[in-house]
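I have placed the structure first, in the form of structure tokens, so that the comments after it can refer back to it.
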Amino acid sequence: MLKVGAFFGGDSSEHDISVITALEAIAAMPSAGVKCIPVYMRDGKWYTGGKLVNVKSYMPFEAEKHEEVFLKGGVLYKIKRGGRAKAWEKLDCALILAHGGSGEDGGLQGLMEINRLPYTSSGVCASAVCMDKFIAKNFLAEAGFPVLEGVKIPREYDEKALENAEKIGYPLFVKPNSQGSSIGAGIARDRRELEEKLALAHEFDEFALVERCVTEAEEYNVGVFRCGKDLLVSEPERPVRASEFLTFDDKYMLRGGGMSGSEREFPAKVGEKTRTELKRIAGEAYEAVGADGVVRVDFISDRGKLYLNEINTVPGSLAHYLFPEYGYTELLSLLIENALRKGVKSEKIYFTDVLNRGKGKGG
Numbered sequence: 146m147l148k149v150g151a152f153f154g155g156d157s158s159e160h161d162i163s164v165i166t167a168l169e170a171i172a173a174m175p176s177a178g179v180k181c182i183p184v185y186m187r188d189g190k191w192y193t194g195g196k197l198v199n200v201k202s203y204m205p206f207e208a209e210k211h212e213e214v215f216l217k218g219g220v221l222y223k224i225k226r227g228g229r230a231k232a233w234e235k236l237d238c239a240l241i242l243a244h245g246g247s248g249e250d251g252g253l254q255g256l257m258e259i260n261r262l263p264y265t266s267s268g269v270c271a272s273a274v275c276m277d278k279f280i281a282k283n284f285l286a287e288a289g290f291p292v293l294e295g296v297k298i299p300r301e302y303d304e305k306a307l308e309n310a311e312k313i314g315y316p317l318f319v320k321p322n323s324q325g326s327s328i329g330a331g332i333a334r335d336r337r338e339l340e341e342k343l344a345l346a347h348e349f350d351e352f353a354l355v356e357r358c359v360t361e362a363e364e365y366n367v368g369v370f371r372c373g374k375d376l377l378v379s380e381p382e383r384p385v386r387a388s389e390f391l392t393f394d395d396k397y398m399l400r401g402g403g404m405s406g407s408e409r410e411f412p413a414k415v416g417e418k419t420r421t422e423l424k425r426i427a428g429e430a431y432e433a434v435g436a437d438g439v440v441r442v443d444f445i446s447d448r449g450k451l452y453l454n455e456i457n458t459v460p461g462s463l464a465h466y467l468f469p470e471y472g473y474t475e476l477l478s479l480l481i482e483n484a485l486r487k488g489v490k491s492e493k494i495y496f497t498d499v500l501n502r503g504k505g506k507g508g
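Written out as structure tokens, the structure is:
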């Protein structure tokens, strides 16, 4: 039986959403013929145990009631009393369910590669690029994709930074550069509001991204999933928002159940030309950044003109609701199969005579 570690949580503003995603996925795993082991990441430590499949275990979380683990060589070790460690489970695959932070920016993916452990998300480079919204914007623009103009402003900014943002023209949309779920985001219509929204965004990130704000925008999402040699592109959805832009509450709080429970129009009621264009851009962007696994590509439409907004490499609920032709268990099984098929990249070590000739001398 395959042993799969479900890695979730982490130090991120999307921590709670990751817990919801994990509970959904773990509940769907038993019929997949795998042993799913929850690995909850919090405050720099990892925990496991059967109690972690119950949402009440997180309200509040009491570390002493769970077993602490760490990963070495693809093996989970349990930490015993006195700090002693004991090998526990050899994992076959890592199911990445962490949103934002080091769980989505390539850090966790790099750790899996060091451990030679296959994992289900995009790789280190694609994860890092897509997590940094400004870098992603510039990469996609250079590759010929339509994106909204934007500038990155550090926490310690000067007058020139504000002037550069204002050159885009009010209203402006301000958000943390490397966060998700619309946390810390807002609209600025003048200099005073720009400074206020920057202060808010900088509470969550060292850098803020300031973009042209499309006030009458329609938003669309498209899921993309590599299944073996095939690239599956979902029908577009139109998220329903209750305010000027798609907020955290719109996504997760109005109906509960994580991203899969939010209000949406699916498939989106759009013309065939728009539908085709959304799917084409989503698939080509997936390939351009070198993504893998399931991603969600988010768009903004300004009076019919489409702009690629973000690429989410670990989307809420793994965007499984965008692939109704697959049950959630089947989708997870395909993700794991793909990860095992891909394996982990490794470079051949070329041993030379340098160390022997140097005889340990510094150079």
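So the sequence shown is numbered by this note's numbering: it starts at 146 and just counts up by one.
We put the CB at the ideal spot given by N, CA and C, even for glycine.
By the 10 Å Cβ neighbour count, where 16 or more other Cβ atoms means buried, how is residue i classified, buried or exposed?
i, result
"Glu356", "buried"
"Pro175", "exposed"
"Met276", "buried"
"Asp395", "Reliability fails at Asp395, whose pLDDT of 46 lies under 50, so the model's placement of it is uncertain and no value is given."
"Ala387", "For Ala387, the predicted model reports a pLDDT of 48, less than 50, meaning its position is unreliable; a value from the coordinates is still stated below. Exposed, by the Cβ-count rule."
"Phe215", "exposed"
"Phe496", "exposed"
"Met398", "Confidence at Met398 is low in this model, with a pLDDT of 44, below 50, so its placement is unreliable and the value that follows should be read with caution. So Met398 ends up on the exposed side."
"Glu301", "exposed"
"Ala230", "exposed"
"Glu159", "buried"
"Gly438", "buried"
"Leu467", "buried"
"Glu249", "buried"
"Cys238", "buried"
"Met186", "buried"
"Leu500", "exposed"
Out of the options, which has the shortest C-alpha to C-alpha gap to residue i?
i, options, result
"Asn199", "Val319, Thr166 and Glu351", "Thr166"
"Glu212", "Ile259, Gly218, Lys196 and Met204", "Lys196"
"Phe290", "Glu341, Ser163, Ala464 and Ile456", "Ile456"
"Leu168", "Ser202, Phe370 and Tyr222", "Ser202"
"Leu449", "Cys358, Glu308 and Ala362", "Note on residue identity: the sequence assigns Gly, not Leu, to residue 449. The residue with the shortest Cα to Cα distance from Gly449 is Ala362."
"Gly428", "Ile224, Arg336 and Val442", "Val442"
"Leu236", "Ala208, Asn283, Val184 and Glu207", "Val184"
"Met257", "Leu221, Lys225, Thr419 and Glu341", "Leu221"
"Asn309", "Arg336, Ser327 and Asn283", "Arg336"
"Gln254", "Glu482, Ile332, Tyr431 and Thr458", "Thr458"
"Lys225", "Thr193, Glu207, Phe444 and Lys493", "Thr193"
Based on DSSP bridge pairs, tell me the residues matched to residue i.
i, result
"Glu356", "Gly295 and Phe318"
"Val179", "Leu147"
"Lys450", "Asp447"
"Arg409", "Pro384"
"Phe153", "Tyr185"
"Leu376", "Arg371"
Confirm, please, whether the CB-CB distance from residue j to residue i is below 9 Å.
i, j, result
"Pro321", "Leu354", "yes"
"Pro316", "Thr360", "yes"
"Leu509", "Leu242", "For the chain, the structure presents residues 146 to 508; residue 509 sits outside this window and is missing."
"Val367", "Leu423", "yes"
"Ser323", "Phe352", "yes"
"Phe370", "Leu453", "no"
"Leu451", "His465", "no"
"Arg261", "Gly228", "no"
"Gly245", "Gly155", "yes"
For the segment 186-273, list the beta strand (DSSP E) runs that are entirely contained and at least 3 residues long, ordered along the chain. 190-193, 212-217, 220-224, 230-235 and 238-241
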